[in-house]
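Going down the list, the sequences are from chains A and B. Position 92 (the first sequence) corresponds to 92 in my numbering; numbering is contiguous. Position 130 (the second sequence) corresponds to 288 in my numbering; numbering is contiguous. Following: one structure in structure tokens, then a few remarks.
2 protein chains.
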Amino acid sequence: MGRLAMSGEDNLLKLVEADESDDHDYRLQNQVGFVLRKAHQRHVSIFAAHIGDLTPPQFAALAKLYDIGETSQNQLGTLIAMDAATVKGVIDRLKARGLVDLTKHEVDKRRLLVNLTPEGRQAIERLIPLARAITEETLAPLTAKEAATFLRLLAKLA
Amino acid sequence: MGRLAMSGEDNLLKLVEADESDDHDYRLQNQVGFVLRKAHQRHVSIFAAHIGDLTPPQFAALAKLYDIGETSQNQLGTLIAMDAATVKGVIDRLKARGLVDLTKHEVDKRRLLVNLTPEGRQAIERLIPLARAITEETLAPLTAKEAATFLRLLAKLA
DNA sequence: CTGATATCATTTGCATACGAATGAATTTGA
DNA sequence: TCAAATTCATTCGTATGCAAATGATATCAG
């Protein structure tokens, strides 16, 4: 690995100018972090175009609750990759909209149990078909084979 | 495309139970947006471990200025994929730390020109080698061949 | 049993990220 | 030329995202 944009020629010059040329070989556009950030931005934009009244993290919380049922706020955060501070805000907003409700764990008084309300269940069932379309549109620049490869490699990175 | 996690068996049952089974086939972990978000989180974490005193967006701004020299704030935002409101905050913080300076465009009085200070130049030259290491570590779960494939497909998505 | 640890949740502070509204300056087009 | 449209920058509001500190509760070890 190392230099990503260095042609085969001009090696002598590169050696002579060493540091400065080396730095200017660095291209932001080729760095995985920068492109990852842009790809994520594009996906969020596609998501918003299909589902305007819910953010991807809010959707993730509902979808996970629909999948596994009642859990503690912290456990839910672990499952959808949010730290405690972030998940609290997401759940608070879902609660304010009546999509989840919160109850204290009877045995372990530290825990806050989160569950879908009937409205929340209805919402996620309505949204899942849209989410399938969002995934498809996000992957649309790739062929089916490329998409499969991409998802496999992305999963190894995440 | 469509259903991502449906086995070949149970098709009759699926048809009978239709909607409910269909919804429960949806797995958040397989959705490109969710995995993209997690991969991005992991990269930011690796970045922070190597470069603690600068965020990836701040680094991107410095790297781009180092690459192209003075530009307007808006143009810089376009080049590093940030909207006007976001880039303003990033530049304000870099200015507060003395890494960039701002001057008014003499001809077009709407524009705010951004440039590296000597300290900013020194900082980015020091950081670029670390950024190369960050890219390598982020891609470490992949073989060299996989990494090349991944970057090619990711670029098509972004 | 009890002091040390660990876990769950909350709060605060800071940094993206973006939509929408606003104001200033420039460019366009009839 | 001059009104309309566009561009650049700023501000406000809302929503992640994470580190660090705090408080309440639970578990563990001696």
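The C-beta atom is built at its ideal place from N, Cα and C for all residues, glycine as well.
- With fewer than 16 other Cβ atoms inside 10 Å of its own Cβ, Q280(B) counts as exposed.
- Not one beta carbon of chain B lies nearer than 8 Å to the beta carbon of A85(A).
- Contact with chain B is found for V35(A), since one of that chain's Cβ atoms lies less than 8 Å from the residue's Cβ.
- Rounded to whole angstroms, R269(B) and Q31(A) show a C-alpha spacing of 29 Å.
- With its beta carbon less than 8 Å from one in chain A, L297(B) belongs to the interface.
- Chain A has a Cβ within less than 8 Å of the Cβ of I292(B).
- When Cβ-Cβ separations below 8 Å define contact, H208(B) makes no contact with chain A.
- Here G278(B) is not near I134(A), since their CB atoms are 8 Å or more apart.
- Inclusion of A39(A) and L194(B) in the CB contact set at 8 Å is warranted, their separation being smaller than that value.
- The beta-carbon of Q73(A) is placed no less than 8 Å from the nearest beta-carbon of chain B.
- Within the segment 13 to 89 of chain A, the runs of alpha helix (DSSP H) at least 4 residues long that lie entirely inside it are, in chain order, 32 to 50, 56 to 68 and 73 to 79.
- Contact between the segment 284 to 291 of chain B and the segment 204 to 222 of chain B is present, with at least three C-beta pairs closer than 8 Å.
- Q73(A) is a Cβ neighbour of I91(A), given a cutoff of 8 Å.
- Taking C-beta atoms under 8 Å as the contact rule, M240(B) and P276(B) fail to qualify, at a distance of about 25 Å.
- In the structure shown, T117(A) adopts coil according to DSSP, grouped into three states.
- Nearest to Q187(B) by C-alpha distance, out of R126(A), T103(A), E125(A) and K64(A), is K64(A).
- Here L300(B) carries a coil assignment [DSSP, helix/strand/coil].
- Counting C-beta atoms within 10 angstroms of its own C-beta, L311(B) has 16 or more neighbours from the protein chains shown and is therefore classed as buried.
- The beta carbon of R200(B) sits closer than 8 Å to some beta carbon of chain A.
- Annotation for L94(A): Q58, A61, L62, V100 and G120 place their beta carbon closer than 8 Å to its own, counting only its chain and skipping 5 residues before and after.
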